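There are 2 protein chains.
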Amino acid sequence: MNFQQKLEEYAELVVKVGLNIQKGQPLLIGTTTDTIEFTRLIVKKAYEAGAKRVDVNYTDEVNARAFYDLAPDEAFHEYPKWLAMQRDELIENKGALLWIDADNPDLLEGVSIDRISNFQKASGKALENYRKAVMNDVITWSIVAIPSEKWAAKVFPELKVESQMEALWDLIFKVVRVGEGTAVQKWKEHISNLESRAALLNAKRFKKLHYKAEGTDIQVELPKDHIWLTGASKNAQGVPYIANMPTEEVYTAPLKTGVNGYVKNKKPLVYQGNIVDDFTLTFENGAITKIEALIGKELLQELTQTDKGAKYLGEIALVPHESPISASNVLFFNTLFDENASNHFAIGEAYPTCVEGARGLSHKALEQIGINTSIVHEDFMIGSADMDIMGELEDGTMEPIFHKGTWAF
Amino acid sequence: MNFQQKLEEYAELVVKVGLNIQKGQPLLIGTTTDTIEFTRLIVKKAYEAGAKRVDVNYTDEVNARAFYDLAPDEAFHEYPKWLAMQRDELIENKGALLWIDADNPDLLEGVSIDRISNFQKASGKALENYRKAVMNDVITWSIVAIPSEKWAAKVFPELKVESQMEALWDLIFKVVRVGEGTAVQKWKEHISNLESRAALLNAKRFKKLHYKAEGTDIQVELPKDHIWLTGASKNAQGVPYIANMPTEEVYTAPLKTGVNGYVKNKKPLVYQGNIVDDFTLTFENGAITKIEALIGKELLQELTQTDKGAKYLGEIALVPHESPISASNVLFFNTLFDENASNHFAIGEAYPTCVEGARGLSHKALEQIGINTSIVHEDFMIGSADMDIMGELEDGTMEPIFHKGTWAF
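Residue numbers (the working numbering), protein chains in the order written: chain A, 2 to 410; chain B, 2 to 410.
In structure tokens, the structure reads:
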């Protein structure tokens with residue numbers, strides 16, 4: 002297949018499998034002005050699949066940076082109402098939401114932490130209804146990515162400029178299983194494999210996971226009624242979709258107060274256009290009580306202080322170290338890819354779908370059953386080739402889940 | 002000045018004179034993905050001038066066309082609520098609105114007239130509050146333009162592709178008085194000249210205008226308390242701005258029921274991405290009673306049937322045939338330019354600011370004093386080198402206003 006054919010296959014995959022657009026459904030796309038050509042393909046295929054109306058919110062990263070550099074301080078305490086209403090209207094109309102990510106990992110490097118943090122809080126509050134819809138699989142949502150020049154340069158600094166984009170395209174096509182005209186079929190098999198793995202974990206009813214690796218020794222309790230899920234979800238109408246492409250994880254929610262020990266990150270975390278790296282978090286009864294970090298410590302501290310739930314975990318996910326993305330041995334500086342190359346945790350909000358009967362519960366009710374809530378949800382990568390994970394059963398028996406970075410069963 | 006310097010001067014002119022951005026004011030920009038570089042300049046200069054937040058709605062014309070070609074019929078009867086709310090929020094926050102036009106004049110050629118008309122009606126209803134704010138100078142609003150490839154190709158089909166953009170840039174710079182670093186000063190003088198002309202007309206208190214030219218013989222009554230205005234406006238806070246750049250007109254509102262005769266267009270009208278041309282409209286007691294047209298007749302008929310006010314006039318504007326834009330002898334296929342090269346009328350909504358005491362009145366109250374209201378406002382060009390306009394004074398005396406296409410006094 003030539004490049005254009007691969008693009009078409011990718012766009013088709015996103016519309017048919019990722020979003021699974023239904024007749025008459027509206028679609029909202031959030032992306033940057035770096036993705037215009039690909040976004041056009043998605044828009045066309047979405048209409049062909051029956052979408053009623055497709056809106057695209059284009060963000061220009063140059064203008065976004067200008068906002069952080071030049072706007073007055075008070076601008077960071079407000080979030081436009083219309084942006085929240087746009088998503089509420091989409092939810093009301095049972096629409097689908099697609100993020101086409103092409104972000105420059107260094108976009109907000111050097112920006113005042115206060116501005117980032119204040120705006121994060123303002124947007125978090127304004128988008129509460131939307132976040133609830135996403136976290137509970139009320140609407141269809143999906144995140145995919147394509148290269149931009151700045152991002153490709155970050156991933157492949159050793160290549161010549163003209164080769165950087167090509168290399169990142171090739172790699173993305175590969176990890177989303179595009180390039181042989183069989184992507185839809187391959188995704189069916191892939192999701193089926195992930196779901197078998199989740200079913201095995203669900204049958205075990207582990208009460209606690211013990212993680213050990215260089216720099217990491219941590220125990221994570223699971224809620225009694227936890228559910229291991231995959232990237233394959235169903236919206237409130239029962240229509241299946243894939244929230245992340247690629248996706249290699251099975252994940253669940255930890256018991257909010259049941260995390261003890263310390264964990265070291267193994268890949269950088271790109272948070273709000275800044276890189277955070279070489280950090281160790283220490284947990285006591287679920288709460289982060291100590292943060293050590295060589296890069297981005299101040300931002301990481303701000304993140305964990307965003308609200309009450311921002312110092313607790315909301316997700317634990319298992320990804321074997323030999324996943325296709327990990328095997329590529331490339332650092333993407335992009336969570337969508339790096340989280341699917343590595344076991345990871347998420348700081349902040351848990352998915353209520355990960356606990357039997359919790360879907361749609363209020364924040365208060367979730368907290369009462371030990372499920373964390375927050376306006377943030379930030380994945381960070383902890384997996385490595387030396388990681389062992391043991392599962393503790395109800396009766397105290399220990400069973401290996403991961404051995405040397407990959408599935409032990 | 003080199004091209005980049007001219008761009009800077011143009012952007013500065015738009016932000017400082019067109020919008021006259023005030024400290025803490027939000028700005029909303031509506032434009033297409035063809036203007037990214039220029040829009041970045043505007044955004045930067047707006048923040049430097051004190052804007053609190055700048056949002057840009059980028060429309061991609063390829064996606065816009067895909068909507069008209071591929072969306073289901075029912076999509077054209079709805080308009081997103083969030084788009085209306087975005088403008089209402091801007092009005093509430095005393096913001097400014099900038100349109101950066103780069104439209105392809107043939108964008109919707111061949112699209113079903115029903116779809117265009119239905120969507121025009123849906124958007125017109127949804128944006129009623131916004132339209133009232135614009136028509137009454139409640140908020141700052143401005144329309145400017147820069148070339149796009151498709152538009153430049155339409156204006157200069159005889160040039161080679163690489164020269165088309167350059168030629169249109171040169172011409173736009175010229176007619177907006179950019180290129181010698183003195184644009185702000187030149188605009189001050191220019192507006193002052195236009196205001197002197199409006200003052201002369203206002204002093205006359207004409208009760209009727211008689212237009213004569215090849216294909217045209219029409220009489221237009223004016224409301225007793227009419228006001229001739231220029232492109233220089235003041236928003237509800239008294240801050241001056243320029244609603245159109247370029248602007249060469251002085252304009253007022255006709256008495257809704259006082260238009261009789263026939264008028265022939267002298268430049269094509271680009272309406273909803275389609276060209277309408279070679280048409281004659283016949284008026285009786287203000288209403289269009291006959292439409293003849295060689296190009297775009299069906300669309301023109303639809304336009305005049307959009308609502309009750311769409312078959313009446315809302316604006317008459319005087320522009321000498323030797324205006325700088327007219328002197329360029331270029332047909333722009335863009336109302337912003339072509340209307341400023343020619344005497345013109347507008348079908349539809351009148352500006353309440355054109356009648357003493359009418360600013361802010363309800364539609365009902367406006368109709369009672371003979372001022373037209375509608376969800377449309379479409380300028381069409383009627384001026385030519387042979388046009389004579391006589392003004393009839395209160396006592397029946399006739400005075401020449403235009404002779405052979407230009408000012409008679």
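Glycine is no exception: its CB is placed at the ideal position from the N, C-alpha and C atoms.
Every value quoted in this text rests on a predicted model; they were computed, and no experiment measured them.
Quick one, are the C-beta atoms of residue 376(A) and residue 307(A) less than 8 Å apart?
Stepping through the first sequence from its first residue, residue 376(A) is reached at position 375. Stepping through the first sequence from its first residue, residue 307(A) is reached at position 306. Result yes, Cβ atoms of residue 376(A) and residue 307(A) sit closer than 8 Å.
Within the same chain, show all residues whose beta-carbon is closer than 6 Å to that of residue 112(A), passing over the 5 residues directly before and after it, in chain order.
Your numbering for residue 112(A) matches position 111 in the first sequence. If we look at residue 112(A) and ignore the five residues flanking it on each side, its Cβ neighbours are 69.
Any chain A beta carbon closer than 8 Å to residue 86(B):
On the second sequence, position 85 is the one that residue 86(B) refers to. With 8 Å as the cut-off, residue 86(B) counts as an interface residue toward chain A.
Can you check the segment 274-305 of chain B for any beta strand (DSSP E) of at least 3 residues that lies completely inside it and give the ranges in chain order?
275-285, 288-296
Please list the terminal residues of the continuous beta strand (DSSP E) segment that includes residue 238(A).
Locating residue 238(A) in the first sequence gives position 237, where the first residue counts as 1. It is not in any beta strand (DSSP E) - residue 238(A) carries neither H nor E in the DSSP assignment.
Taking 7 Å as the cut-off, is the beta-carbon of residue 108(A) closer than that to any non-hydrogen atom of the ligand FMN?
What this structure holds is no ligand at all, so the ligand FMN is not there to describe.
Excluding the 5 residues preceding and the 5 following residue 387(A) in the sequence, name in chain order all residues of the same chain whose CB lies nearer than 8 Å to its CB.
To locate residue 387(A), count along the first sequence from 1; it is residue 386. Hits under 8 Å: 214, 215, 405, 406.
Less than 8 Å between the CB atoms is what I'm expecting for residue 381(B) and residue 402(B), so what's the real figure, rounded?
Along the second sequence, one-based indexing puts residue 381(B) at 380. Along the second sequence, one-based indexing puts residue 402(B) at 401. Actually they do not touch by this definition, with Cβ atoms about 20 Å apart.
Going along the chain, which unbroken runs of the alpha helix (DSSP H) with 4 or more residues stay wholly within the segment 144-169 of chain B?
For the alpha helix (DSSP H) assignment, the uninterrupted runs of no fewer than 4 residues enclosed by the segment 144-169 of chain B are, from N- to C-terminal side, 150-156.
Across which residues does DSSP place residue 473(A) in a beta bridge pair?
Because chain A is modelled from 2 through 410, residue 473(A) falls outside the range shown and cannot be assessed.
Since residue 253(A) sits in a beta bridge, which residues does DSSP pair it with?
Working through the first sequence from its first residue, we reach residue 253(A) at position 252. In DSSP, residue 253(A) forms a bridge with 317(A).
From this set, 75(B), 188(B), 154(B), 220(B), which residue's C-alpha is nearest residue 106(B)'s C-alpha?
Looking up residue 106(B) in the second sequence gives position 105. Per the Cα distances, 154(B).
Using beta-carbon positions only, say whether residue 229(A) and residue 83(B) come within less than 8 Å of one another.
In the first sequence, the residue the question calls residue 229(A) occupies position 228. In the second sequence, the residue the question calls residue 83(B) occupies position 82. Not in contact: residue 229(A) and residue 83(B) (Cβ atoms no closer than 8 Å).
3-residue-minimum beta strand (DSSP E) runs that sit fully inside the segment 7-93 of chain B, ordered along the chain
Counting whole runs of 3 or more residues, the segment 7-93 of chain B contains the beta strand (DSSP E) stretches 28-33, 55-60.
Does the beta carbon of residue 64(A) come closer than 8 Å to any beta carbon on chain B?
What you label residue 64(A) is simply residue 63 of the first sequence in a count that begins at 1. It does; some Cβ of chain B falls within 8 Å.
Based on Cα-Cα distance, which residue from 266(B), 289(B), 280(B) lies nearest to residue 260(B)?
Within the second sequence, numbered from 1, the residue matching residue 260(B) stands at position 259. The shortest C-alpha separation from residue 260(B) is found at 289(B).
Chain-order list of residues whose beta-carbon lies under 6 Å from that of residue 179(B) (same chain, five-residue window excluded)
Working through the second sequence from its first residue, we reach residue 179(B) at position 178. Closer than 6 Å at Cβ, skipping near neighbours: 7, 10, 11.
Assuming the contact rule is C-beta atoms closer than 8 Å, residue 18(B) and residue 243(B) should be a hit. Round their C-beta distance to whole Å, please.
Locating residue 18(B) in the second sequence gives position 17, counting from the first residue. Locating residue 243(B) in the second sequence gives position 242, counting from the first residue. Confirmed, about 6 Å.
Hey, which unbroken runs of the alpha helix (DSSP H) at 4 residues or more fall wholly within the segment 319-371 of chain B?
325-328, 336-339, 364-369
Distance cutoff 8 Å, beta carbons only. Does residue 132(B) sit that close to anything in chain A?
Here the question's residue 132(B) lines up with position 131 in the second sequence. Not an interface residue.
Residue range of the unbroken beta strand (DSSP E) whose run includes residue 135(A)
In the first sequence, the residue the question calls residue 135(A) occupies position 134. Premise fails: residue 135(A) lies in the alpha helix (DSSP H), 129-136, not in any beta strand (DSSP E).
What separation, rounded to the nearest whole angstrom, lies between the Cα atoms of residue 248(B) and residue 60(B)?
Numbered from 1 along the second sequence, position 247 holds the residue referred to as residue 248(B). Numbered from 1 along the second sequence, position 59 holds the residue referred to as residue 60(B). Residue 248(B) and residue 60(B) have their C-alpha atoms some 25 Å from each other.
Is residue 69(B) close to chain A, meaning its C-beta is less than 8 Å from at least one C-beta of that chain?
Against the second sequence, residue 69(B) aligns to sequence position 68. It does not; no Cβ of chain A falls within 8 Å.
Under 8 Å by beta carbon: chain B residues contacting residue 76(A):
Position 75 of the first sequence holds residue 76(A). By Cβ distance, chain B contributes 53, 54.
For residue 140(B), which residues in chain A fall below 9 Å Cβ to Cβ?
The count along the second sequence starts at 1 and reaches residue 140(B) at position 139. Under the 9 Å cutoff, chain A gives no residues; its nearest Cβ is about 15 Å from residue 140(B).
Mind checking who residue 100(A) pairs with in its DSSP beta bridge?
Stepping through the first sequence from its first residue, residue 100(A) is reached at position 99. DSSP output for residue 100(A) lists 31(A), 144(A) as bridge partner(s).
Distance cutoff 8 Å, beta carbons only. Does residue 61(A) sit that close to anything in chain B?
Taking the first residue of the first sequence as position 1, residue 61(A) is located at position 60. With 8 Å as the cut-off, residue 61(A) counts as an interface residue toward chain B.
Residue 207(B) by DSSP, collapsed to three states: which one?
By one-based count along the second sequence, residue 207(B) stands at place 206. Residue 207(B) sits in coil when the DSSP states are folded into three classes, being neither helix nor strand.
Is the segment 216-235 of chain B touching the segment 393-400 of chain A in the sense that three or more CB pairs, one from each, lie closer than 8 Å?
no
Among 132(A), 241(A), 37(A), nearest to residue 86(A) - alpha-carbon criterion:
The residue given as residue 86(A) occupies position 85 in the first sequence. Residue nearest to residue 86(A) within the set 132(A), 241(A), 37(A) is 132(A) (criterion: CA-CA distance).
Are any of the Cβ atoms in chain B nearer than 8 Å to that of residue 25(A)?
If you number the first sequence from 1, residue 25(A) lands on position 24. Cβ-Cβ to chain B under 8 Å: yes for residue 25(A).
Taking the Cβ atom as the reference point for each residue, do residue 231(A) and residue 199(A) lie within a distance shorter than 8 Å?
Numbered from its first residue, the first sequence carries residue 231(A) at position 230. Numbered from its first residue, the first sequence carries residue 199(A) at position 198. Cβ distance < 8 Å, so residue 231(A) and residue 199(A) count as in contact.
Contacts that residue 83(B) makes with chain A (C-beta to C-beta distance below 7 Å):
As a working mapping, residue 83(B) is identified with position 82 in the second sequence. Ordered by position in chain A, the residues that pass the 7 Å Cβ test against residue 83(B) are 83, 86, 87, 90.
Residue 176(A), DSSP secondary structure in three states:
As a first step, residue 176(A) must be located in the first sequence, where it is residue number 175. Reduced to three states, the DSSP call for residue 176(A) is helix.
I need the straight-line Cα distance from residue 282(A) to residue 255(A), nearest angstrom please.
Stepping through the first sequence from its first residue, residue 282(A) is reached at position 281. Stepping through the first sequence from its first residue, residue 255(A) is reached at position 254. Between residue 282(A) and residue 255(A), the C-alpha separation is close to 16 Å.
Three-state secondary structure assigned by DSSP to residue 1(A):
The structure shown does not extend to residue 1(A), since chain A spans only 2 to 410, so no value can be given for it.
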